[in-house]
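Positions -1 to 683 (the numbering used here) are the ones given, in order, by the sequence shown. Just so it is clear, CB atoms sit at the ideal spot from N, CA and C, and this is done for glycine as well. Heads up: the structure comes next, in structure tokens.
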Amino acid sequence: MQPFSMCAVFLTALMSMESPSRIIALSGIFNVTSQYSKGFTSCHECLVGTLGAAQIHLLVVNSGFRLYWIHSNSNAEKAFLSYCHKPWTCYLSNHLEHTYSPDKSICMHRDIKIPNEENGIRLLANAMNGEMLMELATFTNTKVSKDDPSSLIRKETNDIPVFLWKDYSLQYATLFGHLKKFPVIGMSIKEEVSPKKRIFIHEKDEPLMRCMVLPIPPQEGVCRECLAMHSTTFAIRTFHLLHGSKPSADVCVFLSNHQPSDIVSNCKKIFCQAIIHLNSIDCRTIHNIFPLNHQFERDKNKMTLEEVQQVLQSIAYRRTARRQTSNSLLSETFEPEGSLNILGAKDYFCIEVRALLHSKRRCIDCILKDVTGYHLVFSLSLYIFLIFTHSIRDFSQCKTCKFIQVRRPDDCGKKPEHYLNKLEVYPKPSHLDMRNELYESCIAAYQGKCDYACIGCIEHYLEITNAAPLIGRSPLLFDVSMAASKMTLKVFSKLSHECVVARRCSRIQAVPSYFCSTHRAFKVTQSRRGKKAIKFNQDPIPVGIWPPLQHQAEENLNGFMSPRSSVSWSGSADGPQIWPASNNIALVEIKFADSGSYDCLKCLAEHTELFFFYRSEVERSGYVWMRPALSNILSSCVGMHCSSLSYNENGMQMRRPVGLPPVTTIDIILSLVMFNKRNTKAPHT
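So this is what it looks like as structure tokens:
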């Protein structure tokens, strides 16, 4: 495998949303590669789950790398580096296909230049490649570029600073050219470097300090979103917590007017199945390192506890977290009064470390060798991080570290603002996050180990006494309008907590009512379809976006779909302006190839966004609700995995469901395993 240098391009835009507030939203290009054949699958799972991505679009795919365009909260890059950027999943690459241009994705020509505002990812990346924003001033290396990046960005966003950092291959240390100026082992410990004394922060902020521990394996992005809804500024900051030298948990720090017990109670039910509150001593210690100031005053969170609970119920309605396992190590060492004894002493040191990605773990192991207790790690970039510990020693044997320096703790708090303010900032809730009656009559559920246990739990809490509401089993699909109990946010919250946490179902979420009605129609007309279908197969491969964006459907007050005029492929006006992406989803029929339904559905889930799928129990066919994608991207799935895709020329499309997370391969595996286990065919599926 050829060496890849790691490069990330992030476009941070200040966008005006539906709510009266203005939030920092990030749209960025993630250019990733992997050393393993299954690495891209794991990478995609991480992007969808851990990052809490609002939208994810695959622009380029080949055997060497994948280029994603992601819209998420303002600190998606830090979440990616913390959870997804690993040798066994994927890591950032700067390899970019020279002939790729999004506005001419099918007709590729070398050195093509189109004089418009969206002049292609290749030209944009090349223009920004002349600037490297490094962590320290000594790293800054700015060159005059012949292309001005500002002319390549959309004019409809306000002020878009462009950040680019460049690190190098984790396989080839010789490519670390800019690290050669540092000794393998950095400065020895200076005598004047004294440990940091624990101090109290301003008394007006102390009652507001909140520190929540999220055990590893990492919770999904929606867990951190739950915490942010309690924050006074809808923002949180995350540290990594080590026990000895082993990763144990993440610590989320924020200011809040709500009591810690209420925050734990609200988030533990559905979003963070393992969450612990730190006592004020530990929390104060963490807060002293990088104090949270009162930023984003314009987005001050004035919600009461009841209002927060209503917002969380609405969020849970569409994106409950998957069931997770607890961290036994953290549970054993956590004391009843809520103290982990972080840093373990009255004094602590700050150690700045630089290491290659593949050596980072061994570097930390060496630095913290024979050091007991809990320690904090704060990542500044791909290869630079800070370790806060109560003990230091001779580091001369830590050859896996490129640079080590014991700094004054106060100096660690004076790093450039670009790094210290790496907060995850979430949007102030708007009417899009609140109750939507169109979602109150259809539920999708992904089974756990026992199909019937999940079904039984849902039927119990919805007071379902007959088989009629269960209209699909691969995955489970319930038409709640036929149930005796009316679906409310409170009922759904209790259902999600009891049926997911108790290990009966893997995940439960409300889906648009249209999913249930189209599922019924699909089964009724299954034998009569195909006359007006627009097929996608290998010969010939369609050109452009597929399915074609001929329709845009709008949900009216009665829940029915009505056609509107044709739309451009940049999406509807009320969604985030993510280019080049559609903000619609369409129902697409599938014929599975000989490799089976799993390979086809898995391929589609990784190459576009799926929001629901169905696998027929009588034919090698089914359907998916998917976001239209570039035809050259979908062609990776047609032939070997999917025999064909088809779309009815009179078929309706609907807007991409707000807040609904896409299906992942975990959902597909769980549903198809239950599908294969059933020995008899249920007449109602």
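* First and last residue of the beta strand (DSSP E) that includes Gln271? -> From DSSP, Gln271 is part of no beta strand (DSSP E); its letter is neither H nor E.
* Asked: Would the region 274 to 289 and the region 447 to 458 be scored as touching if the rule is three or more Cβ pairs under 8 angstroms?
  -> no
* Identify every residue that forms a DSSP beta bridge with Asp248. => Leu212, His238
* Do you know offhand how far Leu354's Cα is from Phe401's? -> 10 angstroms
* Span of the alpha helix (DSSP H), counted from its first residue to its last, around Tyr459 -> 449 to 459
* Could you please give me the residues that DSSP links to Thr718 through a beta bridge? => The structure shown has nothing for residue 718, since the chain only spans -1 to 683.
* To do: Grab the span of the alpha helix (DSSP H) containing Asn630 for me, first residue to last.
  => 629 to 632
* Residues near Arg360 by beta carbon distance below 7 angstroms, same chain, minus five either side -> When the five nearest sequence neighbours on each side are left out, the beta carbons in the same chain lying within less than 7 angstroms of the beta carbon of Arg360 are those of Thr398, in order along the chain.
* To do: Starting from the C-beta of Glu43, find all residues in its chain whose C-beta is less than 8 angstroms away, skip the five residues before and the five after it, and write them out in chain order.
  => Thr662, Thr663, Ile664
* **Where the alpha helix (DSSP H) through Tyr372 begins and ends** => Segment 372 to 377 is the beta strand (DSSP E) holding Tyr372; no alpha helix (DSSP H) there.
* Any idea if Asn264 is buried or exposed, counting beta-carbon neighbours within 10 angstroms, 16 or more meaning buried? -> buried
* **Where Glu647 falls: helix, strand or coil (DSSP)** => It is coil, neither helix nor strand.
* Three-way DSSP call (helix, strand, coil) for Phe393 in this model -> When secondary structure is reduced to three states using DSSP, Phe393 falls in the coil class, being assigned neither helix nor strand.
* **Whole-angstrom C-beta distance between Leu239 and Ala226, which should lie under 8 angstroms** => Ala226 to Leu239, Cβ: 19 angstroms. No contact.
* **contact_flag[the region 377 to 384, the region 312 to 322] where n(CB pairs < 8 angstroms) is 3 or more** => no
* To do: Below 8 angstroms CB to CB, which residues in the same chain sit around Gly649 once its five sequence neighbours on both sides are set aside?
  => Pro545, His549, Ala584, Leu585
* Do you know how far the Cα of Leu303 is from the Cα of Ser634? -> 48 angstroms
* To do: Using alpha carbons as the reference points, say which of Ser629, Val351, Val58 lies closest to Pro538.
  => Ser629
* Asked: Can you name, in chain order, every residue of its own chain whose Cβ lies under 7 angstroms from the Cβ of Asp260, other than the five neighbours on each side?
  -> Leu303
* Asked: Tell me which same chain residues have a C-beta within less than 6 angstroms of the C-beta of Phe28, skipping the five on either side of it?
  -> Tyr66, Ile68
* How should Trp86 be labelled, buried or exposed, when 16 other C-beta atoms within 10 angstroms of its C-beta is the threshold for buried? -> A residue is called buried when at least 16 other Cβ atoms come within 10 angstroms of its Cβ; Trp86 does not meet this threshold and is exposed.
* Quick one: what's got a C-beta closer than 7 angstroms to Phe558's C-beta in the same chain, skipping five residues either side? -> At Phe558 the pLDDT is 38, less than 50, meaning the model places this residue with poor confidence; the figure from the coordinates comes in the next sentence. The answer is none, since no qualifying residue turns up.
* Near Phe590, which residues of its chain fall below 7 angstroms by C-beta distance, leaving aside the five closest residues on each side in sequence? -> Cys598, Arg618, Ser619, Cys640, Ser641
* Quick one: what does DSSP say Tyr512 is sitting in, helix, strand or coil? -> helix
* Return helix, strand or coil for Ser619, following the three-state DSSP convention. => Note: Ser619 maps to strand in three-state DSSP.
* **Buried versus exposed call for Gly62 [16 or more other C-beta atoms within 10 Å across all chains shown]** => exposed
* Going by DSSP, which residues form a beta bridge with Glu587? -> Tyr621, Ser644
* The beta strand (DSSP E) enclosing Leu468, as first and last residue numbers -> 468 to 471
* If you run the structure through DSSP and keep just helix, strand and coil, what is Gly594? -> coil
* Out of Val375, Pro659, Ser494, state which residue places its alpha-carbon closest to the alpha-carbon of Phe610. => Pro659
* Asked: In terms of residues, what are the limits of the alpha helix (DSSP H) holding His285?
  -> 278 to 287
* Asked: Mapping DSSP to helix, strand and coil, what is Val498?
  -> helix
* Just reading off the beta strand (DSSP E) that Arg405 is part of, what are its end residues? -> 401 to 405
* Asked: Between the Cα of Gly47 and the Cα atoms of Pro213, Lys36, Gln217, which residue gives the shortest distance?
  -> Gln217
* Hey, how far is the Cα of Cys514 from the Cα of Met480? -> Rounded to whole angstroms, Cys514 to Met480 spans 11 angstroms at the Cα level.
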